[in-house]
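Q: Take the sequence shown: its position 268, counted from the start at 1, is 485 in the numbering used here, and no numbers get skipped.
Where is the CB? At the ideal position from N, CA and C, for every residue including glycine.
Mind looking over this structure? Questions follow.
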Amino acid sequence: MKKKEWIKTIVFIAGFFLILIPLTYMIRTNGDIKDIFVGFYAEKKDTIDVVMIGSSPVYPYYAGPKIWEDTGITCYPLSSNMQRPKAAVHLVEEAEKTQDPELYIFEMRMYLGPDERLTQNMAYTRGVTDNMKYSWNRIKTINDLVEPNEEEPRYTYYFDIFKYHSNWKTLVLPSQMVTFRYEYPDPLKGAVIRDDIGPSEMADYSWVTDRQAIPEDQEEVLRNLLAYLQEKGLNALFIVSPNTMTEEKQRQYNYIADIIAPTGYQFLNMNDYYEELDIDFEMDFDDYGGHANAFGMEKCSAFLGEYLKNNYSFTDKRGQKEYESWDKAAELWEEQTEIAKQTILDKKERSEFKVIEEE
Numbered sequence: 218m219k220k221k222e223w224i225k226t227i228v229f230i231a232g233f234f235l236i237l238i239p240l241t242y243m244i245r246t247n248g249d250i251k252d253i254f255v256g257f258y259a260e261k262k263d264t265i266d267v268v269m270i271g272s273s274p275v276y277p278y279y280a281g282p283k284i285w286e287d288t289g290i291t292c293y294p295l296s297s298n299m300q301r302p303k304a305a306v307h308l309v310e311e312a313e314k315t316q317d318p319e320l321y322i323f324e325m326r327m328y329l330g331p332d333e334r335l336t337q338n339m340a341y342t343r344g345v346t347d348n349m350k351y352s353w354n355r356i357k358t359i360n361d362l363v364e365p366n367e368e369e370p371r372y373t374y375y376f377d378i379f380k381y382h383s384n385w386k387t388l389v390l391p392s393q394m395v396t397f398r399y400e401y402p403d404p405l406k407g408a409v410i411r412d413d414i415g416p417s418e419m420a421d422y423s424w425v426t427d428r429q430a431i432p433e434d435q436e437e438v439l440r441n442l443l444a445y446l447q448e449k450g451l452n453a454l455f456i457v458s459p460n461t462m463t464e465e466k467q468r469q470y471n472y473i474a475d476i477i478a479p480t481g482y483q484f485l486n487m488n489d490y491y492e493e494l495d496i497d498f499e500m501d502f503d504d505y506g507g508h509a510n511a512f513g514m515e516k517c518s519a520f521l522g523e524y525l526k527n528n529y530s531f532t533d534k535r536g537q538k539e540y541e542s543w544d545k546a547a548e549l550w551e552e553q554t555e556i557a558k559q560t561i562l563d564k565k566e567r568s569e570f571k572v573i574e575e576e
């Protein structure tokens, strides 16, 4: 092939990807998770103090704007529904591209079940891979999370436009068009306020001291994550969000605590602090003890913010001009939370409880 033909070929391929990538970003299915990731990529470089990684017990539990309002600490989630623990290392690498967090927080609920169970629905994998920008790290993530013999071939993950091409009609939506770079500010900094109510009963097993092993594959993932964090010199906090507990769960979390302890990282099981949280299982959850609603989010955010302030050395950045967007987010969070709380009270009065839904 002549030099001129090589140049034409290279220009064609470059042009193809210049069109393909923003088009793919725009037609990816919209919703809370896309908003969270797009919002993260839009945050100013090196302005996030804490990155929270984990499944759905993150974004409806912990409101970055609330934590900011109380402490001046900037917290942002990189969370998705039923997020597989294997994704954690890759999400840390993704965060490190634009941010230099003082702390990573990992929610541990998904470590109690085998990874195989999570691969039965690959939407849980796509929640991560299909919300990452095109990059070498994204390719590594796909290679790690998707086996070559999956029902959906790997190329549909590398080029997820194959999955979402039928969404082309959404291109007319302004909310989709602005994501052509996969960067657009999230007004609530990744927080998702829920206004449903699903009452449950408190089950306090903080007295349990026995240990029970977690699945071998998840233990290996956890140990690899700890080794990676130590190698990179990154600080971490491992948490369990309040939920309807069982004795078995408590034994497994005790086992996880034993694995983490030798590393010097802290482990916080909030189910051991119901009184301090003032958690109300009849009012503070939207799905019968599984995920927090607006009442629960407010309490969990306040508790976590206080814990961060008392156990780590963060600089209070309130009042600094470059963080004005966080002040606006706090105002918006307060407004929307009050509306959500009133909606919950109205539903409780009418006894309109949410039907249990599996994520």
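With a Cβ-Cβ cutoff of 7 Å, do I591 and Y328 count as a contact?
A: Because residue 591 is not part of the residues shown, which for the chain are 218 to 576, the question remains open.
Q: With DSSP as the reference, label P294 as helix, strand or coil.
A: Along the sequence shown, read from residue 1 onward, the residue named residue 294 stands at position 77. Reduced to three states, the DSSP call for P294 is strand.
Q: Leaving aside the five residues before and after L582 along the sequence, list all residues of the same chain whose C-beta is less than 6 Å from its C-beta, in chain order.
A: Outside the displayed range of the chain (218 to 576) lies residue 582, so it cannot be described from this structure.
Q: Have a look at P416 and E286 and give me their C-alpha separation to the nearest angstrom.
A: In the sequence shown, counting from the first residue as 1, residue 416 sits at position 199. In the sequence shown, counting from the first residue as 1, residue 286 sits at position 69. Cα to Cα, the separation comes out at about 28 Å.
Q: Rank A340, L335, G344, M349 by C-alpha distance to the C-alpha of K314 and give the top, closest one.
A: Your numbering for residue 314 matches position 97 in the sequence shown. Nearest of A340, L335, G344, M349 to K314, Cα basis: M349.
Q: Enumerate in chain order the residues of its own chain whose CB-to-CB distance from P302 is below 8 Å, with the five nearest sequence positions on each side excluded.
A: Along the sequence shown, read from residue 1 onward, the residue named residue 302 stands at position 85. Hits under 8 Å: M327, Y328, D332, Q435, V438, L439, L442.
Q: Of all the options W385, R371, V409, which has the alpha carbon lying nearest to the alpha carbon of P239?
A: On the sequence shown, position 22 is the one that residue 239 refers to. It is W385.
Q: For the 8 Å Cβ check, are there 3 or more pairs between the stretch 402-419 and the stretch 507-516?
A: yes
Q: Is the beta carbon of M487 sitting closer than 7 Å to the one on A420?
A: As a first step, residue 487 is located in the sequence shown; it is residue number 270 there, counting from the start. As a first step, residue 420 is located in the sequence shown; it is residue number 203 there, counting from the start. For M487 and A420, no; Cβs fall outside 7 Å.
Q: L474: which of M243, F323, G281, V268 sits nearest, CA to CA?
A: Here the question's residue 474 lines up with position 257 in the sequence shown. Note that residue 474 is Ala in the sequence shown here, rather than Leu. Among M243, F323, G281, V268, the Cα nearest to that of A474 is on F323.
Q: Where does H307 land, buried or exposed, given buried means 16+ other C-beta within 10 angstroms?
A: Taking the sequence shown and counting its residues from 1, one reaches residue 307 at position 90. The residue is buried, with at least 16 neighbouring Cβ atoms inside 10 Å.
Q: DSSP three-state label for I322, please.
A: Position 105 of the sequence shown holds residue 322. Of the three classes helix, strand and coil, the one that applies to I322 here is strand, per DSSP.
Q: Start and end of the beta strand (DSSP E) containing N486?
A: Mapped onto the sequence shown, residue 486 falls at position 269. Looking at the DSSP string, the run of the beta strand (DSSP E) that includes N486 is 483-486.
Q: Bridge partners of L634, per DSSP?
A: For the chain, the structure presents residues 218 to 576; residue 634 sits outside this window and is missing.
Q: Thinking S273 and M299 are a contact (beta carbons under 8 Å), I'd like their distance in whole angstroms, please.
A: To locate residue 273, count along the sequence shown from 1; it is residue 56. To locate residue 299, count along the sequence shown from 1; it is residue 82. Indeed they touch by this definition, with Cβ atoms about 7 Å apart.
Q: Identify the continuous beta strand (DSSP E) that holds G271 and give its terminal residues.
A: Taking the sequence shown and counting its residues from 1, the one referred to as residue 271 is at position 54. That run of the beta strand (DSSP E) goes 267-271.
Q: Cα separation between I230 and E400?
A: Taking the sequence shown and counting its residues from 1, the one referred to as residue 230 is at position 13. Taking the sequence shown and counting its residues from 1, the one referred to as residue 400 is at position 183. Any reading at I230 needs caution, since the residue's pLDDT is 49, under 50, leaving its predicted position unreliable; the model's value is listed next. Between I230 and E400, the C-alpha separation is close to 24 Å.
Q: Going by beta carbon distance, what residues of the same chain come within less than 8 Å of V345, once the five residues before and after it are set aside?
A: Residue mapping note: residue 345 aligns to position 128 of the sequence shown, counting from 1. Cβ neighbours of V345 beyond the five flanking positions: S297, Q300, R301, A304, H307, L308, T358, L362.
Q: Contact check, L405 vs W550 under 8 Å by CB: the rounded distance?
A: If you number the sequence shown from 1, residue 405 lands on position 188. If you number the sequence shown from 1, residue 550 lands on position 333. Approximately 6 Å separates the beta-carbon atoms of L405 and W550; this is inside 8 Å, confirming the contact.
Q: Which runs of the alpha helix (DSSP H) spanning at least 4 residues fall entirely within the stretch 529-573, listed in chain order?
A: 541-566
Q: Smallest Cα separation from E319: which of F257, C292, E418?
A: Along the sequence shown, read from residue 1 onward, the residue named residue 319 stands at position 102. Taking E319 as reference, the option from F257, C292, E418 with the minimal CA-CA separation is C292.
Q: Let me know the secondary structure DSSP gives F502 once reduced to three states.
A: Here the question's residue 502 lines up with position 285 in the sequence shown. If DSSP states are grouped into helix, strand and coil, F502 belongs with the strands.
Q: CB-CB under 6 Å to Y181, same chain, minus the five flanking residues each way: which ones, in chain order?
A: Residue 181 is absent from the structure shown; the chain starts at 218 and stops at 576.
Q: T246 to D427, Cα distance in whole Å?
A: Numbered from 1 along the sequence shown, position 29 holds the residue referred to as residue 246. Numbered from 1 along the sequence shown, position 210 holds the residue referred to as residue 427. Rounded to whole angstroms, T246 to D427 spans 44 Å at the Cα level.
Q: Considering only the beta carbon of each residue, do K516 and L494 sit closer than 7 Å?
A: Residue 516 sits at position 299 when you count from the first residue of the sequence shown. Residue 494 sits at position 277 when you count from the first residue of the sequence shown. Their beta carbons are under 7 Å apart, which means K516 touches L494 by this criterion.
Q: In whole angstroms, give me the CA-to-CA distance for I265 and Q316.
A: Position 48 of the sequence shown, counting from 1, holds the residue named residue 265. Position 99 of the sequence shown, counting from 1, holds the residue named residue 316. The straight-line gap from Cα to Cα measures roughly 6 Å.
Q: Below 7 Å between beta carbons: does that hold for G407 and P294?
A: As a first step, residue 407 must be located in the sequence shown, where it is residue number 190. As a first step, residue 294 must be located in the sequence shown, where it is residue number 77. Result yes, Cβ atoms of G407 and P294 sit closer than 7 Å.
Q: In the DSSP output, what is A444 paired with across the bridge?
A: In the sequence shown, residue 444 corresponds to position 227, counting from 1. Answer is none; A444 lacks a bridge partner.
Q: So, is L556 buried or exposed, given that buried needs 16 or more other C-beta atoms within 10 angstroms?
A: Reading the sequence shown from its first residue, position 339 is the one you call residue 556. The sequence shown places Ile at residue 556, rather than the Leu named in the question. I556 is exposed by the Cβ-count criterion.
Q: Output needed for M339: all residues of its chain with C-beta closer than 7 Å, excluding positions within five of it in sequence on either side, in chain order.
A: Mapped onto the sequence shown, residue 339 falls at position 122. Within the same chain, M339 has close Cβ partners E367, E369.
Q: By a C-beta neighbour count over all protein chains shown, 10 Å radius and 16 as the cutoff for buried, is F254 buried or exposed?
A: As a position in the sequence shown, residue 254 is number 37, starting the count at 1. Flag for F254 reads buried.
Q: Would you give the residue range spanned by the alpha helix (DSSP H) that S392 belongs to?
A: Position 175 of the sequence shown, counting from 1, holds the residue named residue 392. Taken as a continuous stretch (DSSP letters only), the alpha helix (DSSP H) holding S392 covers 391-394.
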